[in-house]
Amino acid sequence: MLQKFIFKLVAISNTMIFLSSFALVLISSILIVHLEPETFPTYFEGFWWVMTTVTTVGYGDYSPVTVEGRLLALLLYIFGIGLIGVIIGKVLDGLGKFRKDREEGNIVYFDKGHYVIIGWSHKAKAAIQEMEETKKDTEIVIVDDLEKAPMLSDHIHYIKGDVSTTGVLEKANIKDASAVLIFADERIEDKQLGDGRTLLIASAVEAVAPNVHTVVEVMDEEHIKNFEYVNVDEFVVSHETISSLFVRSAFRKGISNVYNQLLRRAYGDDLFHIPKKESWKTYRDAFNELLQEGATLIADRDNLSINRMLDDHLPGDAELYVICDKQTCEKIHQRFTEKD
Numbered sequence: 628m629l630q631k632f633i634f635k636l637v638a639i640s641n642t643m644i645f646l647s648s649f650a651l652v653l654i655s656s657i658l659i660v661h662l663e664p665e666t667f668p669t670y671f672e673g674f675w676w677v678m679t680t681v682t683t684v685g686y687g688d689y690s691p692v693t694v695e696g697r698l699l700a701l702l703l704y705i706f707g708i709g710l711i712g713v714i715i716g717k718v719l720d721g722l723g724k725f726r727k728d729r730e731e732g733n734i735v736y737f738d739k740g741h742y743v744i745i746g747w748s749h750k751a752k753a754a755i756q757e758m759e760e761t762k763k764d765t766e767i768v769i770v771d772d773l774e775k776a777p778m779l780s781d782h783i784h785y786i787k788g789d790v791s792t793t794g795v796l797e798k799a800n801i802k803d804a805s806a807v808l809i810f811a812d813e814r815i816e817d818k819q820l821g822d823g824r825t826l827l828i829a830s831a832v833e834a835v836a837p838n839v840h841t842v843v844e845v846m847d848e849e850h851i852k853n854f855e856y857v858n859v860d861e862f863v864v865s866h867e868t869i870s871s872l873f874v875r876s877a878f879r880k881g882i883s884n885v886y887n888q889l890l891r892r893a894y895g896d897d898l899f900h901i902p903k904k905e906s907w908k909t910y911r912d913a914f915n916e917l918l919q920e921g922a923t924l925i926a927d928r929d930n931l932s933i934n935r936m937l938d939d940h941l942p943g944d945a946e947l948y949v950i951c952d953k954q955t956c957e958k959i960h961q962r963f964t965e966k967d
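In structure tokens form, the structure reads like this:
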């Protein structure tokens, strides 16, 4: 009889089981107080006894002495313990299902300000490591069609599906993302086919989230013109960039170390964004003060000719970039914040 009762409990919906359990505990707590007011003077004592009865065999500090109270205890022994056991099993099953769905990329992402990486590859893995070194606990969502998540952690999530469809992109909450990084498919050796697939994905991304900053890796620089009607913000030419670095290293030995420092935050000096101060009227004002702090101002957005325009007016929407180490950058931010 008990076995049949448990089997029926398992088949009942989770909502009904939780409501039934809540009702059983509540009614039993009230009923035992009315049946034995001397033994259970308050509802808290009644609730305590009910919970210890249905989850264990009781602590012995409270126990019914009347026939009615003991009959209620027998009912709790038979039905209450079985009901609580089923609830614990349901909770464990739910946790196991959640873990499986997360590994298989079936969980919808709802948070904002995250970074979406489309297309898993060795370069995507390196990009995630660089993002973690740049800013710890950066929320990252990987989107690909792999059977299981290639990487998971508290702040790294996975969405499985066709990356060129709007439904999959919406599951990654791409509209509220800080940026989207689209990597070329390493499995496609033909540059034209590879960039064609990237173009299809970029078109889908821009259709769903036109205002999100999008960075696209292209295999052939000549194909960038094909992205003319897709509002991609930035392009990275993978093969040409590597080839250029090889040639420059061959003609000027040691130059690769300079590039590595600027491209990676793991060691050496790096490129950092510095907020503009209200007291800076010209680029020279910013250049001189930053130089005293140990940083070299080199660019305003993509303009690298700062040294030839030091006396020009510094616009209010300037985005200044300096070369320095991480400690100097943190010191500058802290000092500027204190002065403000």
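If you read the sequence shown in this note's numbering, its first letter stands for residue 628, the second for the next number, and so on. Where is the CB? At the ideal position from N, CA and C, for every residue including glycine. What you are looking at is a predicted structure, and each value in this text was computed from that prediction instead of being measured.
For Gln954, which of Asp897, Leu924 and Arg935 has the nearest alpha-carbon?
By alpha-carbon distance to Gln954, the top candidate from Asp897, Leu924 and Arg935 is Asp897.
Inspect the beta-carbon positions of Tyr736 and Asn800 and report whether they are closer than 7 angstroms.
yes
May I ask you to report which of helix, strand or coil DSSP gives Tyr736?
coil
Cβ shell of Ser655 (< 7 angstroms), same chain only, five flanking positions each side left out:
Hits under 7 angstroms: Val677, Leu699 and Leu703.
If you reduce the DSSP assignment to three classes, tell me which class Asp789 lands in.
Asp789 falls in the coil class under three-state DSSP.
Relative to the C-alpha of Asp939, which residue among Tyr910, Gly721 and Val681 is closest?
Tyr910
Can the beta-carbon of Lys903 be found less than 7 angstroms from the beta-carbon of Ala834?
no
What is the rounded straight-line gap between the Cα of Ile715 and the Cα of Ala751?
40 angstroms
If we call anything under 7 angstroms between Cβ atoms a contact, is Ala806 one with His784?
no
Residues sharing a beta bridge with Phe862, DSSP
Val843
Can you look up Asn838 in the DSSP assignment and give me helix, strand or coil?
coil
From Leu658, Val713, Thr679 and Gly723, residue whose alpha carbon lies closest to that of Thr642:
Val713
Does the Cβ of Lys724 have 16 or more other Cβ atoms within 10 Å, making it buried, or fewer, making it exposed?
exposed
Would you mind sorting Leu947 into buried or exposed? The rule is 16 or more other CB atoms within 10 Å of its CB.
Taking every protein chain shown into account, the CB of Leu947 has 16 or more other CB atoms within 10 angstroms, so this residue is buried.
Residue burial classification, Val694 (beta-carbon count within 10 angstroms, cutoff 16)
exposed
For the beta strand (DSSP E) that contains Leu808, what are its first and last residues?
Ala806 to Ile809
Taking 6 angstroms as the line, does the beta carbon of Leu898 fall inside it for any heavy atom of the ligand GDP?
With respect to the ligand GDP, the structure shown offers nothing to examine, as it has no ligands at all.
Going by C-alpha distance, which of Val863, Lys852 and Glu731 is nearest Met846?
Val863
Could you give the distance in angstroms between the alpha-carbon of Asp967 and the alpha-carbon of Glu757?
Bear in mind that a pLDDT of 48 at Asp967, under 50, signals an unreliable position, so the number given afterwards is only what the model happens to contain. So the two alpha carbons sit approximately 31 angstroms from each other.
Could you pull out every residue in the same chain whose Cβ sits closer than 6 angstroms to the Cβ of Leu917, ignoring the five residues on either side in sequence?
Leu924 and Val949
C-alpha distance - Thr792 paired with Gly709, whole-angstrom precision:
46 angstroms
Going by DSSP in three states, Phe899 sits in which element: helix, strand or coil?
strand
Alpha carbon to alpha carbon, how far is Ser648 from Lys727? Give it in angstroms, no decimals.
27 angstroms
Would you check if the stretch 769-787 and the stretch 729-747 touch, i.e. whether three or more CB-CB distances between them fall below 8 angstroms?
yes
Give the straight-line distance between the Cα atoms of His960 and Asp927, rounded to the nearest whole angstrom.
18 angstroms
Which complete beta strand (DSSP E) runs does the stretch 701-746 hold, if anything under 3 residues is left out?
742-745
Enumerate in chain order the residues of its own chain whose CB-to-CB distance from Val652 is below 6 angstroms, with the five nearest sequence positions on each side excluded.
Val677
If we ignore side chains and look at the alpha-carbon of each, how far apart do Gly788 and Glu730 end up?
13 angstroms
Return the residue from the list Glu760, Ile734, Tyr856 and Lys958 that minimises the CA-CA distance to Gly794.
Closest option to Gly794, Cα to Cα, is Ile734.
Helix, strand or coil, according to DSSP, for Thr669 in the structure here?
coil
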